[in-house]
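Chemist:
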Amino acid sequence: LRRRYRPVPDLPPEPDLKKRYDVVIIGGGGHGLATAYYLATVHGIRDVAVLEKGYLAGGNTARNTAIIRSNYLTPEGVAFYDESVRLFQGLSEEFDFNILYSERGHLTLAHTDAAIRTARWRAEVNKHLGVASEVIYPDEIARLAPNLNLSRDVRHPVLGALYHEPGAIARHDAVAWGYATGAARRGVSILQKTEVTGIVKDGDRAIGVETNRGRIEAGQIVQQVAGASTLLADMAGFRLPIRTVPLQACVSLPVKPFLDPIIVSGSLHVYISQTPRGELVMGGASDPYPLYGTRSTLDFKEGLMANMLELFPFLAEMKILRQWAGMTDMSPDFSPIMGETPIRNYWLDSGWGTWGFKATPVVGKRMAETVATGTVPELIRPFRLARFDDIELLGDKGAASVGH
Ligand code: FAD
Ligand code: PYC
């Protein structure tokens with residue numbers, strides 16, 4: 005039992021950089037590490053380098069609010085995230101390292117008739133695909149979240165909610181470290197402070213990368229850089245329909261547990277959960293401007309709190325411990341972009357915006373399958389880049405949780 009609860013797994017020492025790898029993964033966040041892990045464990049492909057310009061999982065993987073759910077709006081989205089939730093449920097066992105997976109239930113509050121309609125729509129799509137979601141009303145909401153202000157005498161009274169029982173949180177660093185350790189123990193090279201500065205091509209084929217540590221040849225390349233997606237695509241020579249926008253969050257001092265479910269209000273632009281340690285993790289809407297930066301603002305905090313106090317007035321005296329921002333790679337239809345690119349041997353995993361932590365396991369598994377077999381699996385084919393040319397968008401804004 006003691007081994008299970010050790011805070012950090014033992015990552016093998018960083019190996020020397022080689023001149024060539026069968027697979028080079030750009031980006032050492034959760035997605036890149038998970039892809040390396042499944043390449044090594046499922047497909048026996050171990051001559052893999054994960055190149056990370058900063059430190060391991062220091063990007064959005066370290067900055068997200070760790071919400072895991074599959075209550076999406078499009079059938080393609082629901083099926084995809086459902087596989088991820090199932091993988092998440094087995095990760096602590098698989099890693100022999102506790103990722104603090106905590107199933108809480110997820111409530112998306114509806115304050116208008118239109119929001120109730122969207123909640124019903126999501127519930128029906130979810131149930132059709134075997135995912136537990138239902139619309140509930142204030143008496144049931146009060147039972148699940150007794151501290152929530154359900155007064156009718158507020159600007160936006162709660163009329164109902166989409167309740168998604170499998171909604172969960174987990175320790176985000178642990179997820180990344182679990183994948184990193186599992187991959188490194190099987191021979192994957194995880195190279196920190198190694199920044200990709202260019203993509204080497206032979207015609208329309210990618211054959212390597214330029215880095216701050218020299219050129220590296222690669223059999224295949226996978227781009228998994230979230231907020232830097234457009235910058236890397238630019239280096240490779242193609243354009244992405246993505247804008248990078250900051251998303252901020254904050255955490256309070258720890259207090260006695262009082263909040264079991266995860267609560268989201270799209271209309272009020274707030275969401276909140278309580279960690280097993282007692283901190284309140286809170287976030288709001290995306291910043292209203294594109295930026296390649298992780299600057300946090302007073303404006304965000306003030307706006308968030310004004311709305312949060314409508315739901316939980318007794319938090320007025322709560323102290324905020326820290327605040328931060330991440331760079332989110334926003335796609336036009338609020339769905340990811342994965343698979344082939346116009347460059348041969350160059351695979352893409354991007355468009356993760358404000359929703360990609362929960363997808364970490366399924367992305368790893370399915371991107372690894374893509375690289376190993378050279379074929380994009382059915383489950384992720386709908387998310388192809390070419391859908392923007394074919395006008396086959398996958399509108400999932402209604403399930404985004406975060407205001408945009
Ligand atoms: P990252 O973890 O960002 O990893 C990409 C890595 O690429 C970075 O470490 C970066 O340093 C590296 N990199 C970039 N350029 C280069 C280069 N040139 N060379 C080498 N390396 C490079 N999602 C959810 O599902 N649930 C949530 O509750 C949630 N909350 C969020 C809250 C906030 C505040 C933010 C910002 C995001 C949230 N998200 C959430 C979204 C989620 O965090 C991301 O979609 C997900 O972490 C993306 O993982 P990744 O591995 O692709 O990216
Ligand atoms: O995707 O559930 C989510 C989420 C919540 C906050 C940010 N993203």
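The numbering of the sequence shown is this note's numbering, which starts it at 5 and goes up by one.
Don't be surprised by glycine CBs; every beta carbon is placed ideally from N, CA and C.
1) Could you give the DSSP three-state label for residue 35: helix, strand or coil?
2) Beta-carbon within less than 6 angstroms of residue 191's beta-carbon, same chain only, minus the 5 sequence neighbours each way: which residues are those?
3) Buried or exposed for residue 467, please, with buried defined as at least 16 other CB atoms from any protein chain shown within 10 angstroms of its CB.
4) Relative to the C-alpha of residue 63, which residue among 229, 252, 310, 340 is closest?
5) In chain order, what are the residue ranges of uninterrupted beta strand (DSSP E) at least 3 long that sit wholly in the segment 284 to 308?
6) Using C-beta distances below 6 angstroms, list every residue in its chain close to residue 123, excluding the 5 sequence neighbours before and after it, in chain order.
7) According to DSSP, is residue 252 part of a helix, a strand, or is it coil?
8) Are at least three pairs of beta-carbons, each pair with one atom in the segment 188 to 206 and one in the segment 238 to 245, less than 8 angstroms apart?
9) DSSP has residue 3 in a bridge; who is on the other side?
10) Beta carbon of residue 68, beta carbon of residue 361: below 7 angstroms?
11) Given 6 angstroms as the limit, tell me if residue 246 has its C-beta closer than that to any heavy atom belonging to ligand 1.
12) Confirm, please, whether the CB-CB distance from residue 82 to residue 135 is below 7 angstroms.
13) Between which residues of its own chain and residue 269 is the CB-CB distance below 6 angstroms, once the five residues before and five after are set aside?
14) Where does the unbroken alpha helix (DSSP H) through residue 239 begin, and where does it stop?
15) Looking at the C-beta of residue 151, does it have a partner C-beta in chain D at a distance below 7 angstroms?
16) In angstroms, rounded to a whole number, what distance separates the CA positions of residue 132 and residue 78?
17) Assign residue 287 to one of two classes, buried (16 or more other C-beta atoms within 10 Å of its C-beta) or exposed (fewer than that).
18) Ends of the alpha helix (DSSP H) at residue 123?
Modeler: A quick look at the data gives this:
1) helix
2) 50
3) Shown here, the chain extends from 5 to 408; a query on residue 467 therefore has no answer.
4) 229
5) 284 to 287
6) 114, 139, 166
7) strand
8) yes
9) Because residue 3 is not part of the residues shown, which for the chain are 5 to 408, the question remains open.
10) yes
11) no
12) yes
13) 113
14) 233 to 240
15) The structure shown contains no chain D, having only a single protein chain.
16) 11 angstroms
17) buried
18) 117 to 132
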